[in-house]
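Input: a single structure, listed below in structure tokens.
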Amino acid sequence: MVSGHGRRFRGRLARSGMTGKAEDRGVAGPSPGRPTVRSGLGGCSAQALGAARAMAVAGLLLFLRPSPLQAAQGPGPANVLVVANSSSAASLAIATHYQQARDLPPANRCDLELPDEYQVSYEDFLALLKTPLADCLEQKGLSDQVLFIVLTRGIPGVISGAGEVVLGQDLTSVDSFLFDLHGELEYAENPYFKSTKRFTRENGFQGYLVTRLDGPTVDVAMDLVDRAQAPGADSPELTGTAYLDLEPNGDNPVDRGVIAGAGTDGNGQIQHAADLLTEAGWTVHLDSNDAEFGTEPALLSCPDARWYFGWYKAFSYNDAFEWATGASGIHLDSFSAMNYREAGSWCAGALSKGITATAGAVWEPYILWYMKGDRFLEAFVVDRVTLAEAAYRAIPRNCWMMVVFGDPLFQLQPVSEPPEPAPEAFPEAFPEALSEPSPEAFNDVADIGRMSDSRSELAVPIDSGDETTASSDPTDSEPVGVDSSIPGRGGGGCGHGRRTSSAALPMLVALLG
């Protein structure tokens with residue numbers, strides 16, 4: 001039925017209200033710092049042109065994935081490493097709290113001596129964080145056993161000065177770079193993206209899924225541990241309401257950031273998420289007016305919010321949500337996690353107000369490399385895998401902008417009887433072939449605002465030889481025009497680009513905001 005300015009759906013499963021406060025933490029004092037080891041270079045390993053995968057494969061996802069009951073068997077505490085900054089008492093305390101709350105083995109912790117700052121230079125990232133962390137795992141004999149890495153507040157969150165390494169972007173996510181900790185992967189693309197398998201070595205996956213216990217305050221970081229284990233947070237019943245926010249002018253594929261043949265438009269993801277949630281049995285409020293929740297004519301308040309997915313006002317948070325226990329949310333915004341240790345961004349606001357899990361971009365990610373909210377939703381709510389697995393099934397590439405907040409082991413309990421697979425797969429590729437936009441179609445990205453008002457053209461030099469055209473599925477592609485001769489990149493450098501023709505370049509450059 002119609003509710004407010006959006007459509008409201010009532011699912012089949014019974015629901016009840018969800019409440020619950022986290023118990024007192026009983027945080028132990030900081031543990032002694034462990035020796036720090038420094039050596040070598042790092043970053044994601046050298047990239048090459050990846051073969052374009054057929055979009056038709058997506059149509060098999062709903063039928064090949066494991067059932068929720070099977071999904072219950074997966075990584076556990078023995079597969080998690082918590083990382084603290086030995087120079088920060090708060091970081092040590094958060095790590096101890098998490099280690100005790102999840103009963104991690106004593107060895108599953110690395111304390112590194114780092115500057116207690118939000119930003120770190122690329123050189124210091126390699127020398128003080130990436131290489132010592134890899135050495136710590138190897139010395140403990142945990143390189144294969146550990147699958148998830150959880151960083152604590154006090155570990156730097158953003159790498160500065162890596163512009164030559166990743167498509168000219170000067171700010172990039174620390175967490176995203178740590179996936180390929182040992183420099184084993186050939187591409188910076190995320191090999192776990194779109195997977196329907198559990199993230200295990202037995203299934204052939206290398207690397208580490210990285211999440212973070214962080215936020216505007218130390219208490220927020222501590223609370224993320226408690227929220228994931230609060231009574232009802234992992235309830236198998238889908239209680240609470242899902243709030244989804246469409247943009248009204250989503251029919252224009254250029255304004256919506258759709259790349260030819262990719263089907264990556266934000267509205268398409270949100271509509272698909274609404275369909276998945278409705279089929280799973282949630283109460284869904286799908287808003288389609290030109291306003292965000294918290295501003296008229298949209299809903300001014302969103303009670304019992306268990307899930308949110310929407311867009312688009314950059315670098316802002318509307319305090320409209322009453323987050324339910326175990327709530328998760330994704331906001332499509334180029335700067336959704338920018339300066340997340342200060343108030344202002346969407347992630348900082350949601351973390352401060354009680355959300356249990358979220359993810360965002362520390363800087364401009366481009367829409368085709370932003371987390372796909374519908375894929376995250378299907379993995380987390382339908383397949384019932386862990387937060388870390390669900391997030392990285394939805395992130396197209398590593399060595400980029402995304403950061404995931406929350407306990408990597410946070411996971412909904414399996415339902416007693418797995419629901420039947422939905423008959424439809426992920427939305428088909430956008431059928432229209434787009435003409436190349438003219439340079440006049442792009443405005444300066446400094447004008448932070450709606451995507452249609454703040455796209456930007458990248459000036460990327462194109463080599464004269466060995467050119468290829470864009471992939472039919474840009475979410476499977478790599479950045480273009482990156483110099484592969486930068487020293488220190490072999491065996492761990494991130495961003496080896498592939499060449500592409502100048503005609504195809506605009507098709508790969510769609511900014512989210």
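Position 357 (the sequence shown) corresponds to 357 in this note's numbering; numbering is contiguous.
Glycine included, C-beta positions come from ideal geometry on N, C-alpha and C.
Could you tell me the alpha carbon to alpha carbon distance between residue i and residue j, rounded to whole angstroms?
i                 : j                 : result
alanine 343       : proline 216       : 6 Å
asparagine 550    : lysine 313        : Only positions 1 to 513 of the chain appear in the structure, and residue 550 is not among them; the question remains open.
phenylalanine 193 : methionine 371    : 10 Å
leucine 246       : glycine 310       : 6 Å
leucine 147       : glutamate 296     : 44 Å
alanine 305       : glutamate 123     : 42 Å
serine 235        : alanine 134       : 36 Å
arginine 8        : aspartate 290     : Confidence at arginine 8 is low in this model, with a pLDDT of 32, below 50, so the placement of that residue should be treated as unreliable; the coordinate-derived value is given next. In a straight line, the C-alpha of arginine 8 is about 17 Å away from that of aspartate 290.
arginine 212      : serine 288        : 32 Å
glutamate 202     : glutamate 389     : 15 Å
phenylalanine 293 : aspartate 223     : 25 Å
tyrosine 317      : asparagine 190    : 29 Å
threonine 278     : glutamine 269     : 14 Å
leucine 104       : aspartate 407     : 13 Å
tryptophan 320    : leucine 300       : Before going further, note that residue 320 is alanine rather than tryptophan in the sequence given. Cα-Cα distance, rounded: 6 Å.
alanine 78        : aspartate 275     : 36 Å
lysine 140        : alanine 107       : 7 Å
threonine 239     : isoleucine 149    : 29 Å
glycine 514       : threonine 386     : Outside the displayed range of the chain (1 to 513) lies residue 514, so it cannot be described from this structure.
valine 174        : valine 158        : 5 Å
cysteine 136      : aspartate 214     : 22 Å
serine 143        : histidine 285     : 44 Å
tyrosine 98       : isoleucine 367    : 33 Å
valine 225        : aspartate 116     : 21 Å
valine 218        : valine 120        : 20 Å
lysine 197        : alanine 379       : 10 Å
leucine 181       : glutamine 413     : 30 Å
glutamine 169     : serine 160        : 9 Å
threonine 358     : phenylalanine 410 : 12 Å
tryptophan 282    : tryptophan 369    : 28 Å
glutamate 237     : valine 415        : 7 Å
arginine 65       : arginine 384      : Only weak support exists for where arginine 65 lies, its pLDDT of 40 falling under 50; the value from the coordinates is given anyway. Each residue's alpha carbon lies about 11 Å from the other.
valine 220        : glutamine 206     : 31 Å
alanine 350       : valine 403        : 14 Å
isoleucine 395    : tryptophan 307    : 18 Å
methionine 401    : leucine 209       : 14 Å
threonine 131     : aspartate 333     : 32 Å
phenylalanine 405 : alanine 89        : 20 Å
aspartate 265     : proline 365       : 14 Å
alanine 391       : valine 382        : 13 Å
phenylalanine 177 : glycine 329       : 23 Å
glycine 183       : glycine 204       : 16 Å
Please go through the same chain and pick out, in chain order, the residues whose beta-carbon is closer than 6 Å to the beta-carbon of residue i, but skip the five residues on each side of it.
i             : result
tyrosine 331  : According to the sequence as given, residue 331 is histidine; it is not tyrosine. So the qualifying residues of the chain are Trp346.
serine 195    : Arg393
glutamate 424 : With a pLDDT of 45 at glutamate 424, under the threshold of 50, the predicted position of this residue should be treated as unreliable, and no value is reported.
glycine 326   : Ala233 and Thr356
alanine 162   : Tyr122 and Thr172
arginine 227  : Thr356
leucine 81    : Asn108, Val146 and Ile149
glutamine 271 : none
Might you give, ordered along the chain, the residues of its own chain that have their beta carbon closer than 7 Å to the beta carbon of residue i, omitting 5 neighbours on each side?
i              : result
alanine 28     : Bear in mind that the predicted position of alanine 28 carries a pLDDT of just 38, short of 50, making it too unreliable to give a figure here.
serine 336     : Ser345, Trp346, Cys347, Gly360 and Ala361
alanine 273    : Leu244, Phe309, Gly373, Asp374 and Leu377
leucine 114    : Asn85, Ser87, Leu128, Leu129, Ile155 and Pro156
methionine 338 : Phe315, Ser345, Val362 and Trp363
arginine 353   : According to the sequence shown, residue 353 is lysine rather than arginine. So the list reads Asp319, Phe321 and Trp323, once near-sequence residues are dropped.
Pull the bridge partners of residue i from the DSSP assignment, please.
i                 : result
glutamine 119     : Val158
cysteine 302      : Phe321
serine 173        : Val158
phenylalanine 148 : Val80 and Leu209
arginine 153      : Ile155
glutamate 279     : Paired residue(s): none; glutamate 279 is not in a bridge.
phenylalanine 309 : Leu244 and Ile330
arginine 102      : Per DSSP, none; premise fails for arginine 102.
alanine 136       : According to the sequence provided, residue 136 is cysteine. The question's alanine does not apply to it. According to DSSP, which records beta bridges pairwise, cysteine 136 is partnered with nothing at all.
leucine 112       : Asn85
glutamate 189     : Arg397
Which residues in the same chain have their Cβ closer than 8 Å to the Cβ of residue i, if we skip the five residues on either side of it in sequence?
i             : result
proline 303   : Thr241 and Glu322
arginine 341  : Tyr118, Arg153, Gly157, Asp214, Gly215, Pro216 and Ala348
isoleucine 94 : Ala84, Thr152, Arg153, Gly154, Leu213, Val218, Ala221, Met222 and Val225
glycine 76    : Leu409
threonine 200 : Gly74, Pro75 and Leu147
Checklist entry - Hey, which unbroken runs of the alpha helix (DSSP H) at 4 residues or more fall wholly within the region 319 to 406? => result Fully enclosed alpha helix (DSSP H) runs of 4 or longer: 346 to 353, 373 to 377 and 387 to 393.
Item to check | Completely contained alpha helix (DSSP H) runs for the region 208 to 238, where each covers 4 or more residues | outcome: DSSP runs (the alpha helix (DSSP H)) wholly in the region 208 to 238: 218 to 228.
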